[in-house]
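The next block holds one structure in the form of structure tokens; read it before the comments.
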Amino acid sequence: MNGTRLRPATFKYIESELYAYPDYQREINKIRDEIINGQEEQDENIGAGKNSYRKPGRPTERTVTRLDDNKRMNHLKEMVHVVEQVYDRLDDTQKKMIQLRYWSKRGANWEYIAEECFISRRTAFNYRKEIVGAIASKLGMN
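Residue numbering for the sequence shown follows my numbering, starting at 496 and increasing by one per position.
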């Protein structure tokens with residue numbers, strides 16, 4: 496984390512993203528399905544005749560463009576990618592800590608987590624700070 500401290504609001508934001516991470520892949524799939532299988536753009540020109548202007552019929556191109564331009568889906572994909580990158584570099588104890596705190600027993604207290612991971616409470620807090628800092632660094636938030 497290059498010796499810089501995260502602002503408390505940034506720290507809480509990244510923790511909230513960690514809590515929400517398990518739901519992100521499902522939400523990405525839902526958004527993708529809505530875009531791909533959703534309503535086609537309605538032609539508002541009800542009096543269109545043979546010579547009137549219409550958009551070229553390129554439904555695949557429009558779908559790909561909508562997928563690429565969807566800000567929410569792009570944000571979710573970036574968060575999934577960054578969290579997975581950081582998570583993959585953690586040791587087994589840190590992975591277990593993340594799973595207990597953020598992904599399985601939401602709200603599990605630090606004493607319980609430290610006991611389950613066979614580490615001290617202070618070490619758990621240090622791991623937490625390092626992990627959140629690594630995510631912030633990858634997101635350019637430090």
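Beta carbons: idealized from backbone N, C-alpha and C, even for Gly.
Do E529 and L571 have their C-beta atoms closer together than 8 Å?
no
- Would you say M592 and Y516 are within 8 Å of each other, going by their C-beta atoms? no
Practice problem: Please determine, among N637, I626, G635 and S632, the residue with the shortest C-alpha to C-alpha distance to L513. | Solution: I626
I believe G628 touches L501 by the beta-carbon criterion, under 8 Å. Please report the beta-carbon distance rounded to the nearest angstrom. Yes, G628 and L501 are in contact; Cβ-Cβ is about 6 Å, under 8 Å.
- Query: What first and last residue would you give for the alpha helix (DSSP H) that runs through I509?
  - Reply: If you look at I509, you'll find it in the alpha helix (DSSP H) that goes P503 to N532.
Task: Same chain, Cβ closer than 8 Å to A619, neighbours up to 5 away in sequence not counted - done: M592, W605, I608, A609 and C612
| DSSP state of F620, grouped into three classes? | helix
State the CB to CB distance for the pair I509 and A631, rounded to an integer number of angstroms; the pair is presumed to be in contact (CB under 8 Å).
-> 6 Å
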